[in-house]
Amino acid sequence: MKIELVKLPYETKALEPVISQRTIELHHGKHLSTYVNNLNNLLPGTSFENLSLEDIVRRSDGAIFNNAGQVLNHNLYFTQFSPKGGGNPSGKLAEAINAAFGTFENFQKEFEAAATSLFGSGWAWLAEMKDGRLIIVKEPNGGNPVTKELIPLLGFDVWEHAYYIDYENRRAEHLKALWQIIDWNVVEARYE
Ligand SMILES: [Fe+2]
14 MKIELVKLPY
24 ETKALEPVIS
34 QRTIELHHGK
44 HLSTYVNNLN
54 NLLPGTSFEN
64 LSLEDIVRRS
74 DGAIFNNAGQ
84 VLNHNLYFTQ
94 FSPKGGGNPS
104 GKLAEAINAA
114 FGTFENFQKE
124 FEAAATSLFG
134 SGWAWLAEMK
144 DGRLIIVKEP
154 NGGNPVTKEL
164 IPLLGFDVWE
174 HAYYIDYENR
184 RAEHLKALWQ
194 IIDWNVVEAR
204 YE
């Protein structure tokens with residue numbers, strides 16, 4: 014099965030000023046594209062060849078895990094944004110956020126703190142447990158919550174390639190701005 018580069022559901026400049034066109038072009042067109050190409054070179058002839066991307070991430074290690082993890086991570090990442098995003102989640106997801114974190118504002122604070130404090134490269138995830146409860150998970154490098162039998166709902170990429178052109182070393186500032194472009198309809202659909 015050939016792994017495809019995910020299509021952006023918006024123009025490359027549509028997320029400005031939160032994420033610049035240049036960053037999207039490099040992040041999607043170069044970084045993600047490289048992970049996709051690497052994976053397509055690594056998979057043929059292996060036992061992972063016909064598995065879903067999620068199952069490849071669950072079962073592999075080494076170079077296949079790193080590249081498959083980053084493809085899955087970025088597929089979730091790029092499709093969770095919209096120029097018309099922002100605001101608050103609603104419905105069952107909002108209820109689950111309140112149950113786990115008290116308020117949406119407190120969830121944002123805890124999520125930003127997890128992402129800011131992650132040392133080096135990695136991801137902060139809002140993830141769903143088997144019983145529907147929510148948890149914040151920090152993953153180093155190309156990790157994804159599917160390896161812990163969790164469902165990833167929302168991911169903040171804290172690799173420097175995600176923000177360095179726009180925010181230089183100000184990771185926390187970048188993370189705070191991301192809330193303006195989160196498409197909660199997409200995140201809610203992942204939960205339901
Ligand atoms: Fe990235």
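Here this note's numbering runs 13 ahead of the position in the sequence shown, where the first position is 1. C-beta atoms are modelled at their ideal positions from N, C-alpha and C, and glycine is treated no differently. Bear in mind that the values here come from a model prediction, so they are computed numbers and not experimental data.
Proximal residues to residue i (C-beta, below 8 Å), its chain only, five neighbours per side dropped
i      : result
Arg146 : Ala109, Ala112 and Ala113
Gly98  : Gln193, Ile194, Ile195, Asp196 and Trp197
Gln93  : Leu167, Gly168, Ile195, Asp196, Val199 and Val200
Cβ-based neighbour list, residue i, same chain, cut-off 6 Å, excluding 5 preceding and 5 following
i      : result
Glu67  : Val159
Asn80  : Tyr48, Asn51 and Leu52
Phe120 : Ile110 and Phe114
Within 9 Å, strictly: CB atoms of residue i and residue j
i      : j      : result
Asn89  : Val49  : For clarity, residue 89 is Leu in the given sequence; the question names Asn instead. Contact: no.
Phe83  : Leu56  : Checking the displayed sequence, the identity of residue 83 turns out to be Gln instead of Phe. No, these two residues do not count as a Cβ contact at 9 Å.
Leu188 : Val171 : yes
Leu85  : Met14  : no
Ala107 : Phe117 : yes
Ala27  : Pro102 : no
Glu141 : Ile164 : yes
Phe91  : Ser73  : no
Lys151 : Trp136 : yes
7 Å Cβ shell around residue i - same chain, five flanking residues per side excluded
i      : result
Leu210 : Absent from the structure is residue 210, since the part of the chain shown begins at 14 and ends at 205.
Lys105 : Tyr204 and Glu205
His40  : His174 and Ala175
Thr25  : Gln34, Ile37 and Glu38
Glu186 : Tyr180
Asn157 : Val70, Gly82, Leu85, Asn86 and Pro165
Gly100 : Trp197
Residue i - DSSP class collapsed to helix/strand/coil
i      : result
Phe94  : strand
Ile195 : strand
Lys189 : helix
Tyr180 : helix
Ile16  : coil
Tyr204 : helix
Glu29  : coil
Glu24  : coil
Any chain B beta carbon closer than 9 Å to residue i
i      : result
Leu188 : The structure shown contains no chain B, having only a single protein chain.
Cβ separation of residue i and residue j, assumed to be a contact under 8 Å, to the nearest whole Å
i      : j      : result
Ser134 : Asn154 : 6 Å
Ala190 : Val70  : Contact doesn't hold; Cβ gap of about 28 Å is too wide.
(message) Please give me, in chain order, every unbroken run of the alpha helix (DSSP H) with length at least 4 that falls completely inside the segment 96 to 171.
(response) If we require 4 residues or more, the alpha helix (DSSP H) runs fully inside the segment 96 to 171 come out as 104 to 114 and 117 to 130.
(request) Can you check the segment 36 to 72 for any alpha helix (DSSP H) of at least 4 residues that lies completely inside it and give the ranges in chain order? (result) The segment 36 to 72 contains these whole alpha helix (DSSP H) runs: 46 to 55 and 66 to 72.
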